[in-house]
Amino acid sequence: MRISPLSDDEIRTLVGTARDAGVTVFDHADIYGDERHGAEKRFGDAVTFSPSERESVIVQSKVGIRDGAFDFSREHILRTVDESLEALRLDHLDVLLLHRPDTLVEPEEVAAAFDELAAAGKVRNFGVSNHTPGQVDLLRRYVTQPLAFNQVQLSITHAPLIASGIATNMVGLDQSIDRDNGILDYARLHDITLQAWSPFQKGFFDGVFLGDRENYAELNDVLDELAAQYGVTPTGIATAWITRHPAKIQVVLGTTNPGRVQEAAAGSDVTLTRAEWYRLFTAAGHILP
0 MRISPLSDDE IRTLVGTARD AGVTVFDHAD IYGDERHGAE KRFGDAVTFS
50 PSERESVIVQ SKVGIRDGAF DFSREHILRT VDESLEALRL DHLDVLLLHR
100 PDTLVEPEEV AAAFDELAAA GKVRNFGVSN HTPGQVDLLR RYVTQPLAFN
150 QVQLSITHAP LIASGIATNM VGLDQSIDRD NGILDYARLH DITLQAWSPF
200 QKGFFDGVFL GDRENYAELN DVLDELAAQY GVTPTGIATA WITRHPAKIQ
250 VVLGTTNPGR VQEAAAGSDV TLTRAEWYRL FTAAGHILP
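Mapping of the sequence shown onto numbering that gives the first Met the number 0: position 19 corresponds to residue 18, and the numbering continues sequentially without gaps.
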């Protein structure tokens, strides 16, 4: 999302560091960058995969957001994928996600677009981003391919999809409000992999909680303590909090810092205990009834 200002060498270093750390998925969207397909083009200009390397990585992109509107029309999906492939200098996407929900969606058009893309070998897997279970079910009624992914915002401090289920049926408690119609349980029931974007954000683009002792002193104390205990950094523990969940959530780092990639990857190898996981949860301000 933020690679446009980087040089080719910086992009290659970022990608190489990620791959060395075990990262195999590279996440894009047509709207990322200073212009449409800007970040994809920078990636395509800087990174060239050999045939064997290409088979070992997953390149995904997203479609559906336009200036002032959302658009899941067949024409827009097909055109955007062609533009993304050209920008990335690839012959196929491993994953295509529908970005923010289009309330004017005609699911038959989405199904037609997906069928064409799959038949042409341009897209191998499909999913959504920021969709509720009902919105996914509407698409699944028509789309023949599995909708295998749902990319959603999730961090220790921004965790309504987890926190509401913990506080369910508690009258008068804001945490008990179900804001997404049970995305987490629905994903687990239907073999949908959740991908967590903004895993270190306090809220919706409000900055990171790591090191923010003005607003999250207790949380940072616990992060520091567990980081020292496990031999990783607080970034690693914040990552481990997400990957500890049995839903097997993937973490979308969204960083251009190679060191942050290494720290997060190291944290993904940490398995927090239940007590440690819940301790972080409550230190972030969530309630255990």
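Cβ atoms here follow ideal geometry from the backbone N, Cα and C, with glycine treated the same way.
DSSP state of residue i mapped onto helix, strand, coil
i    : result
T16  : helix
F42  : helix
V207 : strand
T281 : helix
T238 : helix
G67  : coil
Q194 : strand
N219 : helix
V151 : strand
V142 : coil
D173 : helix
G22  : What sits at residue 22 in the sequence shown is Val, not Gly. Correct three-state label for V22: coil.
Short Cβ contact (9 angstroms threshold) for residue i with residue j
i    : j    : result
P210 : P245 : At residue 210 the sequence reads Gly, which differs from the Pro that was named. No. Outside cutoff.
R65  : S3   : no
P106 : L138 : yes
T167 : S154 : no
G235 : S197 : no
A263 : T270 : no
A195 : V135 : no
P159 : R178 : yes
I278 : V207 : The question names Ile, yet the displayed sequence has Arg at residue 278. The answer is no: Cβ separation not under 9 angstroms.
P145 : N124 : yes
From the options, residue whose alpha carbon lies closest to that of residue i
i    : options                : result
A118 : D101, L92, V127        : L92
H27  : G164, E54, S72, L84    : L84
R19  : A274, Y277, Q261       : Checking the sequence, you will find Asp at residue 19 rather than Arg. Among A274, Y277, Q261, the Cα nearest to that of D19 is on Q261.
N129 : A17, A227, L96, G37    : L96
Y141 : G120, D114, N124       : D114
S60  : G32, A68, T47          : G32
E74  : L89, V94, A111         : A111
L252 : A147, V14, S6          : V14
G171 : I286, F48, S6          : I286
R11  : V46, Q152, E224        : V46
S375 : S72, F71, T23          : Here the chain comprises residues numbered 0 to 288, so residue 375 is not present and cannot be evaluated.
T272 : Q249, R259, R243       : R243
G202 : D220, T16, Q152        : Q152
D90  : P100, G63, E54, G258   : E54
A162 : L218, E9, P288, F25    : P288
K247 : T16, N219, D184        : D184
E9   : D44, R35, V62, V58     : D44
A239 : F204, E275, Y215, N214 : E275
Rounded distance between the beta-carbons of residue j and residue i, thought under 8 angstroms
i    : j    : result
T156 : A283 : 5 angstroms
N149 : V127 : 5 angstroms
L116 : V80  : 6 angstroms
D29  : E82  : 7 angstroms
A147 : I191 : 6 angstroms
E39  : L87  : 5 angstroms
F25  : V62  : That belief does not hold up - the Cβ atoms of F25 and V62 are roughly 16 angstroms apart, past 8 angstroms.
Residue range of the alpha helix (DSSP H) that includes residue i
i    : result
A112 : 106-118
D136 : 132-139
L77  : 73-87
I30  : Unbroken run through I30: none, as it is neither H nor E.
G164 : 159-165
Host beta strand (DSSP E) of residue i (start-end)
i    : result
A186 : First-last for A186: 182-188, but that is the alpha helix (DSSP H), not the beta strand (DSSP E).
V251 : 249-251
S60  : 57-62
G289 : Only positions 0 to 288 of the chain appear in this structure, which leaves residue 289 out of reach.
L92  : 92-97
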